[in-house]
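Note sheet for the following structure.
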Amino acid sequence: MLKFILRRFGSSFLVLLGASVLLYVLTINSGDPLADLRESNAENRDYLMQQRTQFMNLDMPWYQRYWTWLTGVGQCFIGRCELGTNRQGQEVVDLLGLAAASTLRLVVLATVIAMVFGIVIGILTAIRQYSGMDYAVTFLTFLFFSLPVFWAAVLLKEYLAIGFNDWMADPGFTWPAAIVAGLLLGVVLQAVLAGPPRRRLFTFLGAFLFTVLAIPYLDWLNFAQYPQLGPVVIALVGAAAAVGATALGAGLQNRRVLYAGLVTAALGVVSYYATYTLLWDPTWTILLVLAVVLVIVAVAVGRLMGGFSKGAATIVSLFTAGVMGLLILVEHLFRAWPGYLEIVGRPISTIGSQTPNFSGTFWEDFLDKGTQLLLPTILLALISLATYSRYTRASMLEVSQQDYIRTARAKGLGERQVILKHAFRNSLIPITTIMAFDFAALIGGAVITERVFGWKGMGEMFATGLDQVDPAPVMAFFLVTGTAAVLFNLLADILYAVLDPRIRV
Amino acid sequence: MKYTKLSAAAALLAGSALVLSACAPGGPAENSDTGSAAPEGNGDVITGDFGEKYTVEPADSGLADLGEIETQDGSIAYSVGEDEFISYNSMTPETYSTYNSAVTERLISTFAYFGTDGEIYQNEEYGTYEKVSDDPLTVKYTINEEAVWSDGTPVTAADYILKWGVENPRITTGSGEDAAPLFNAISQSFGEYVSEAPEGDPAGKEFTITFKEPYADWPILVDTALPAHVVAEESGMGMDAMLEAVRNEDAKALAPAAEFWNTGWNTSPGTLPDESIAPSNGPYTFKSWEPGQSITLTANENYWGTPPATKELVIRFAAADTHVQALANGDLNVIEPQATVDTLSQLEDLGDQIVIQTGASLTWEHLDFNFMDGSPFADNLELRKAFALCVPRQQIVDNLIKPVDPEAVVMNAREVFPFQDTYQEVVDAAYDGSYDEVDVEGAKKIVEAEGAEGTKVRIGYSAPNPRRSDTVAAIKSSCDEAGFVIEDVGSADFFDKTMPQGDYEVALFAWAGSGQIASGRNIYHTTGQQNYGKFSNKEVDAAWDTLAGSVDPAVHAEQVKVIEKGLWDNLFGIPLYAHPGVVAHSADVANVRDTATQSGAVWNAQQWVRAE
C-alpha cells in the first residue's frame, strides 16, 4: 500500500509540474497585459507601459518568467512560499488565503446540503421507481441542473432577497396563498408517503387542513417578525425525532432504543432551560464545548440504556440529541431575529458576505452571515442536487437487483433492513468517488456564483488574473486546485479499497 | 404497533411545523432599544431635472457651497466595481486606478479638481494657487493655514517638495541605459517641467514653482501629495536630510525614502495601514476594511473645512452587473451602471424609489483614417470626404446613444464637448456642416470620379463590443451603396496587433478626455506618440506647438479653433459622439451629481446626505 501511495505521489508531482508549465505559457499568451493602457491617452502612457513591463517582467522570455515563478514556489519546501505579486503589487499569498477562506465558507455548506438531500431523494425515488413522484423529482432535478447560474441568481435575488425584504416590512398571508400552499404540501406529501388511495387521500387532507389552519395562526402570531418555538414545540419535535429515528433505525418494537431516544429528548428539554442564560450571548468556544457535552451525553444514554441494541440506541440518541441541539440554536436565532431586523432593516442582501460594519450580539452576527449565505447556498445546492440524486438512484436500483437483496428478502428481513442495511450501504461505494472529486472541485470555487453574489473567492481570483494576463494569481489558483485534485483522487482510491473488500489488493 | 417508518417520518415533519406558544424562560436582560435620533432637518430640499434632490442648488459645475452643516449620522453605500482597494498610495503605476482613487481621493485633498463638465476649479478650502509671472511661468501655491493631516501635523510645503522629488526623472537608480526611476511614481511631469524644487519654507504654508518653459496645463500639474513627515519618519532619514537630498536630486541618499514610498503603504487586503502612516487631510478617513467586501470611510474629525454631510461612506466591491438589484435592495445607494438600454430599462422598472441621471461623459467615439503607406485614404482627401459623406452619424447617435441619453447629439469637434460652453463657438469656426447629412449620391460621385469603386475599407475596433459592431453595420449599409466595400475587422487584439501593423483603413475607438488642454498634441501632432494613423499636417502641428507653449487662455481658445479647422479640412477622422453615462441613486440621497469626468459620481461624495 505504501509503495502504491508513493508511486502515485511521484507521478502526480510530475503531472502537476508539466501542467504548471503548460498553464503558465497559456496564461501569459492569453492576451495583452498592456491592453488597458493602449487606449489611454494619458500623457505618460509610454512611461506607464514601460513601468508595467518592468514590474511584470514582460520583457523576459517565457521560460525565464516561469523559472522565476517556479523558484519562488520551490521555497514552499523550506517554509517561505513566494508566490509573487499580482499586477497591483499585492502579495498573492495573502490574496490566496482570503480567497480560499471565502470560497470554503461559500461552498462547503452547499455541498453538504446537496449531498445529504441528493442521497435521500435518490433513495426515495429508487424505492418508488416510475411513480409520479419519481418522474416529478427527476424532472425537477434536471431542471435545476440545467439552470444558467447567472440567470437563476438574478431570479433568486429578485424574489428571495428584494421580494422577501419587501414582504418582511409588512408580513402577512392572504387566504388564497394559504390554500395554494396547503394544496401543494398535500400533493407533495401524499406522493412521498404513497400507499393505497384511501391513505393518500387522508395524507392529502391532513396536510392541507394543517397548512390552511397553521398559516393564519402563524400570521396572527406575527411569526415572520417575532418567530419562536417555545419549549412545548421543542419537546414535541424532539420526541417525534426520537420516534422517527427509532422507526427507521431499529423498529419501534425495540423498546430499549425507543426509550433511549425519548430520554435524550427529555434531557434536551432540560438542557434548553439549563443553557438558556449561557446561550444568551455565547462565543464559539461555548458552543463547541456544549456540542462536545451533547455528544458525550447522547453516547452515554445510548450505551447505558441500549442493552443488546447498544449500537442502534447510540445512533438514535445521537440523532435525537443533534435535533435537540439544532432546535435550541434555532430558538436562540429566532429570539435574536427582531433585534437583527431592527439593525439592518432589509435582512437579505443581494451582494456581499456580510453587512458592512455590522456589529451586534453573537446571534445577530450569526444571522447576518447566515442570511447572506442563504441565496448562494440555495443556488449551489439546487444545481448540484441532480448529480447526487441521480447517482444514488441509479446505484440503488442496480444494487436492489442483486442476488443478496433477494436472499435478504427471502430470509424474511423487513423492508427497512433490506433497504438501509443491505442495499443502501452497498450503493454508497460508487458515490464515494463523486464525493471525493466534488470536494476537490470545491476549492476551485464557483466563478459565476462568486461574481453575482459579490464574494471574492478562488474563482474570482482566477478570472481576474486571466483577464489581466497576470500569471501569479492564476498559478496560485492552479497550485491549490491542482494539488487538491491530486490528493482527493488519491484519497478516493484509498477509500474505495477500505469500503469495498473485493478490490483490496 | 402498526407504525411504519414513513408515517414516523411524517410525524417528524409535522412536528417541526407545529407552533405552540408557551412558557419560554426569561433571559438575563432585555435587548435595550438603541433608538436612533431622528435626522436633523436640512432645511428646504430642491428638486433637480431628473428628480434628484439638492440641499443646496449648485451654482456652477463645481462643488456646491453647503455652508455651515453638521455631519449627519448614518452611511451611504457606493460601488465602483468588483476591484478591491489596494493601497493608500495610489500614485504608483501598480496601484493607480479609478477603484483605488475612489477611496484615496476622499482622503487626500488637492489644490484643483474637475467640475461636472471637466472645468478646473480650485479647492479653496484646501489652498489656492495663482500665476505670478508669465516669463518664466511661475506659480505660487498657498495652503490653508488650518490644513492639517489627521495626526495633527500641518500640511506644509515639505509635502510638495517631496512630491517634486518623487516625480523627478533625474532621480534614478543606475545610469545611462539602465537608469530607472528611484521612486515608482505614476507620473514624472512635475520634475520634468519644473527643474528646481519648489521654493518656500518646508515648514511653511507657501511655495512657488518655476517652470522651465511655458506649460499649458500648469493648473493641474500639482496633484496628490503624500505626507512627507511620514516618509521622513518611516525611512529614518529625518525631514531636513530628506528634503536636502530631494533638492540636490541625490538618488543615493534618497534610497530609504524611496523604499518606503514605493512599498511602505502596501498592506494585504483587510489590513488598513496604521493610522500613524496613513493620515488623512480630506473630509474622510479610514474606518474599516472587510477584505473582498467593502471599505468604510468615516468623517475626519480633524478636517478643518466643511465636514462631510454624512458620517460614513461605504465603498463596496461588487461587480457592475449586480449593481441594479443591489440598488433596488438598498445594499448600494449610489451606482454608476453600464450605460446601456437594458440597464436603463431595468432601472426604470424600479420606479420612484430611485432617481436616474443620464448625461454625456468626457469619453468620445470617433473614426480615424489610416495615413500609413498602402492605405487608400493616405493621400486622397477626396476619398476621405466621400467616406465622411456616407457615414450615417445622426442615425448612429439616434439608434445607439439616444435611447440611453436623450440629449445626445452628433459631436462635431474633438477638443471640446457638446456640453461645454465653448463648443458652439469652436464648431462654428471650424466646421461648415458638410457632413451633417448623409449624402450617398455625393459620395458615390466622388468615388467614381476617383475611380475607387470597390475600395476595401477595413474598420477595426477592439472586440467584443456590441455598440461598435452595430456602428460598423450601420456604416456598411450606407457606405457600401456609395461604392466602398466595408469590412468589419474588430478583434480582441486590435490595439495590440492590428493597429500598430496598420492592417486597417479606419479605426473606431474612443479617447477618454483627460481634462488637460494640450494632451491632444500627442494624438494630432506629426511627432505624437498616439498619432496611430500617422497623420501629418504642418498647420495643425504649428497650432499645437503654439497652444502647448502658451499659458494664455485666449491663445488656447484661438488655437483650438485653428486645430479643429485643420482637422476637419484635412479629415483626420470623423468624431461621432460623447459616450453616455448613467448614475442612479436612492431617491432619498440628496446632492448626488452625475459628472462627465473620470472621477465618477463619487467626486462629491462628501456632500451626499439623506433627505426626506
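Sequence order for the protein chains is A and B.
Numbering of the first sequence is given in my numbering, commencing with residue 1051 and proceeding in unit increments.
Numbering of the second sequence is given in my numbering, commencing with residue 2 and proceeding in unit increments.
Ideal Cβ positions, reconstructed from N, Cα and C, are used throughout, including at glycine.
When DSSP states are grouped into helix, strand and coil, A78 of chain B belongs to the strand group. Under the Cβ criterion of 8 angstroms, N1094 of chain A is counted among the residues facing chain B.
Sequence-distant Cβ neighbours of L345 of chain B in its own chain, meaning closer than 8 angstroms and more than five residues away, are I357, T359, P404, V405, V583.
A residue is called buried when at least 16 other Cβ atoms come within 10 angstroms of its Cβ; Q294 of chain B meets this threshold and is buried. Around the beta carbon of Y1116 of chain A, 16 or more other beta carbons lie within 10 angstroms, which makes this residue buried. Put simply, of B:Y436, B:F372, B:A409, B:E383 the residue whose alpha carbon is nearest the alpha carbon of L390 of chain B is B:Y436. Between T139 of chain B and G128 of chain B, the CB-CB gap reaches or exceeds 8 angstroms. Here P465 of chain B is exposed, its C-beta having fewer than 16 other C-beta atoms within 10 Å.
A1341 of chain A counts as exposed, since fewer than 16 other C-beta atoms from the protein chains shown sit within 10 angstroms of its C-beta. Within the region 396-484 of chain B, the complete alpha helix (DSSP H) runs of at least 4 residues fall at 424-431, 441-450, 467-480.
Look at Q1518 of chain A: its C-beta is not under 8 angstroms from any C-beta on chain B. The beta carbon of F1416 of chain A does not come within 8 angstroms of any beta carbon belonging to chain B, so the residue lies off that interface. The alpha helix (DSSP H) runs of length 4 or more contained entirely in the region 183-207 of chain B are, from start to end of the chain, 190-194. In the structure shown, the three-state DSSP call for V610 of chain B is strand.
The CB of A327 of chain B comes closer than 7 angstroms to the CB of T1400, I1401 in chain A, given here in chain order. Residues of the region 1481-1510 of chain A whose Cβ lies closer than 9 angstroms to any Cβ of chain B, in chain order: R1501, V1502, F1503, G1504, W1505, K1506, G1507, E1510. For E214 of chain B, the secondary structure class from DSSP, reduced to helix, strand or coil, is coil. The C-alpha of V552 of chain B is placed about 8 angstroms away from the C-alpha of W219 of chain B. Within chain B, the residues whose beta carbon sits less than 7 angstroms from that of I1212 of chain A are Q326, A329, N330, listed in sequence order. Under the Cβ criterion (8 angstroms, minimum of three pairs), the region 388-402 of chain B counts as touching the region 464-483 of chain B. Residue burial annotation: M1106 of chain A is buried, with at least 16 other C-beta atoms found within 10 angstroms of its C-beta.
Within the region 545-606 of chain B, the alpha helix (DSSP H) runs of at least 4 residues that lie entirely inside it are, in chain order, 554-570.
Per DSSP, L1206 of chain A is one residue of the alpha helix (DSSP H) stretching across 1199-1206.
The Cβ neighbour count for L1251 of chain A, taken over all protein chains shown within 10 Å, is under 16; the residue is labelled exposed.
Taking a cut-off of 8 angstroms on C-beta distances, the region 1394-1411 of chain A does not touch the region 1358-1372 of chain A, as fewer than three cross pairs fall below it. Residue pairing by DSSP puts I336 of chain B in a beta bridge opposite B:A585.
Under the three-state reduction of DSSP, A361 of chain B is assigned to strand. In summary, the residues of the region 276-297 of chain B whose CB is separated from some CB of chain A by less than 9 angstroms are K288, S289, E291, P292, G293, Q294, S295, I296, T297, in the order they occur in the chain. If only uninterrupted alpha helix (DSSP H) runs of at least 4 residues are considered, those enclosed by the region 1180-1248 of chain A are 1182-1195, 1199-1206, 1214-1219, 1225-1243. In the displayed model, R317 of chain B falls within a strand according to three-state DSSP. Between the region 1512-1527 of chain A and the region 1066-1074 of chain A, the count of Cβ pairs shorter than 8 angstroms is three or higher; the stretches touch. Residues of the region 95-124 of chain B with a Cβ closer than 9 angstroms to any Cβ of chain A, in chain order: E95, T96, Y97, S98, N101.
Remark: fewer than three beta-carbon pairs, one from each stretch, lie closer than 8 angstroms, so the region 1377-1396 of chain A and the region 1107-1127 of chain A are not flagged as touching. Here E95 of chain B has no same chain residue with a Cβ atom under 7 angstroms from its own Cβ, once five neighbours each way along the sequence are excluded. Within 7 angstroms of the CB of Q1467 of chain A, no CB atom of chain B is found; the nearest one sits about 11 angstroms away. Straight-line spacing of the CA atoms in W262 of chain B and M238 of chain B works out to 12 angstroms.
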